[in-house]
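This report refers to the structure that appears directly beneath it.
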Amino acid sequence: MAGSWAPEDFLLFSPRAYWRLFALENAAVWPAQLLLLAAGLVLVACLLRGWRPSGRWTGPALGLALGAAWLWTGWQFVALRYGAINWAAPMLAWGFYAEGALLAALGMSGRAAFTGRGTRARAGIGLLAAALFAWPLLAPLDGRPWQEAEVFAIAPDPTAIATLALLALAPRSRWTVPLAVVPVLWLAISALTLFTMGAWQGWAVFAALIAGLIACTAPGRETASGL
28 MAGSWAPEDF
38 LLFSPRAYWR
48 LFALENAAVW
58 PAQLLLLAAG
68 LVLVACLLRG
78 WRPSGRWTGP
88 ALGLALGAAW
98 LWTGWQFVAL
108 RYGAINWAAP
118 MLAWGFYAEG
128 ALLAALGMSG
138 RAAFTGRGTR
148 ARAGIGLLAA
158 ALFAWPLLAP
168 LDGRPWQEAE
178 VFAIAPDPTA
188 IATLALLALA
198 PRSRWTVPLA
208 VVPVLWLAIS
218 ALTLFTMGAW
228 QGWAVFAALI
238 AGLIACTAPG
248 RETASGL
């Protein structure tokens with residue numbers, strides 16, 4: 028119908044411009060991706076063997092690292108990169124700053140512990156592995172170059188997914204819901220953006236969002252207080 032509007036008419040950028048952001052960011056921080064993937068491989072392997080980050084050092088250190096990932100991604104990618112093509116992105120970045128500050132504060136307080144067991148923990152480990160290792164594969168699976176891969180702590184989607192995964196490993200506390208709000212909202216916004224772009228990756232983000240919500244609410248054995 029003449030004069031009608033389609034969702035893509037409200038996009039402020041082209042899909043090519045959006046995917047190009049990841050190539051620019053990856054080039055700027057190379058070879059940090061290799062270190063992040065190696066650290067993620069060690070973490071997932073240890074979790075699968077039954078180790079859980081807790082105690083005086085490892086739990087808080089992981090909480091601090093996760094907080095730093097949110098602060099860096101919010102500033103460097105969302106505010107600066109994404110902000111260049113989307114005027115709303117710098118405002119969205121404040122959610123990343125809040126999430127990062129809260130995670131870092133909990134880490135420094137010594138309260139961060141990821142000691143969950145059972146179904147909930149297994150779901151969290153699976154989702155974490157997807158965020159760390161499956162998400163970088165989406166670019167080549169889409170026929171785009173490896174330079175546009177989305178890596179945890181560099182790109183926002185895998186960072187948000189990994190956070191929900193780690194929340195599934197943390198015993199439930201009064202912080203669980205507040206810490207889940209920003210990742211859930213971001214993934215919902217990201218999925219909607221990708222759907223509007225006509226990108227099939229929107230379904231992957233939506234599936235990860237649902238999986239994260241299920242993982243965070245599934246029953247599990249909790250051995251200590253945590254986030």
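According to the working numbering, the sequence shown is numbered sequentially starting from 28. Virtual Cβ for every residue (Gly too), placed ideally from N, Cα, C.
Start and end residues, alpha helix (DSSP H) containing residue i
i    : result
L184 : Note that residue 184 is Asp in the sequence shown, not Leu. 183–196 is the span of the alpha helix (DSSP H), which, as asked, contains D184.
P114 : Per the sequence presented here, residue 114 reads as Trp, with Pro not at that position. Looking at the DSSP string, W114 is not in any alpha helix (DSSP H), and its letter there is neither H nor E.
V204 : 203–224
A288 : Any question about residue 288 goes unanswered here, given that the chain covers just 28 to 254.
A257 : Only positions 28 to 254 of the chain appear in this structure, which leaves residue 257 out of reach.
Q60  : 59–75
G94  : 85–99
Inter-residue Cα distance where the pair is residue i and residue j
i    : j    : result
F40  : I112 : 6 Å
V56  : G145 : 37 Å
L91  : V209 : 17 Å
C243 : I181 : 23 Å
D169 : E177 : 12 Å
L236 : P42  : 22 Å
A150 : L191 : 10 Å
A106 : I241 : 30 Å
G70  : A238 : Residue identity differs from the one stated: residue 70 is Leu in this sequence, not Gly. Rounded to the nearest angstrom, the two C-alpha atoms are 20 Å apart.
A125 : A132 : 10 Å
W78  : G94  : 21 Å
F160 : L64  : 8 Å
S136 : Q60  : 29 Å
A231 : A128 : 28 Å
Nonlocal neighbours in the same chain, by C-beta distance under 6 Å from residue i, ignoring five residues either side
i    : result
Q174 : A50, N53
I152 : L74
G122 : V209
A120 : G101, V105, A106
Residues of its chain near residue i, where Cβ-Cβ distance is below 8 Å and the 5 sequence neighbours each way are ignored
i    : result
R47  : E175
R256 : No statement about residue 256 is possible, as the shown extent of the chain runs from 28 to 254 and does not include it.
Own chain residues within Cβ distance below 7 Å of residue i, not counting five before or after
i    : result
A29  : With a pLDDT of 49 at A29, under the threshold of 50, the predicted position of this residue should be treated as unreliable, and no value is reported.
L164 : none
A72  : none
A207 : L191, L194, C243
G229 : A218, L221, F222
Contained alpha helix (DSSP H) runs [length at least 4] in the segment 145–175, N- to C-terminal order:
145–156, 165–168
Please determine if the segment 96–110 and the segment 173–188 are in contact, where contact requires at least 3 C-beta pairs separated by less than 8 Å.
yes
Count the C-beta pairs between the segment 156–167 and the segment 113–132 that are closer than 8 Å, then say yes if the count reaches three, no if not.
no
Closer than 8 Å is the cut-off here; do at least three beta carbon pairs connect the segment 196–203 with the segment 216–225?
no
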